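This report concerns only the one structure given below.
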Amino acid sequence: MNNYRKKVSSLNTSEEIDYKDVDLLKKFVAEQGKILPRRLTGLTVKQQKKVAKAIKTARMLAYLPFVSQDIIKIN
């Protein structure tokens with residue numbers, strides 16, 4: 007018997023993923039600026055793809071930094 011639980015998505019189904027919603031996108035970015043994987047976020051495949059695309063768009067439009075400011079100061 008498997009002891010696995012079905013993971014519940016951390017996003018509501020009514021919550022729209024938008025590249026301008028920086029507060030929502032920051033939940034899915036690590037301190038170093040990397041996009042967190044599905045196994046850590048608990049998102050579905052569709053949601054993870056939408057979040058990744060929104061983060062990349064937000065980076066290109068300078069809503070989110072590519073790299074954390076802390077890492078820039080260290081180097």
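Letter by letter, the sequence shown follows residues 7 to 81 in my numbering. Glycine included, every Cβ here is placed at the ideal spot set by N, Cα and C. These figures come from a predicted structure and were not determined experimentally.
Lys40: which of Gln53, Leu17, Lys62, Tyr69 sits nearest, CA to CA? Lys62
Whole alpha helix (DSSP H) elements within the segment 13-54, 4-residue minimum: 28-32, 44-47
Pick from Asp24, Thr50, Glu37: whose alpha carbon is nearest that of Leu67? Asp24
For Leu46, does the count of other Cβ atoms within 10 angstroms reach 16, so buried, or fall short, so exposed? exposed
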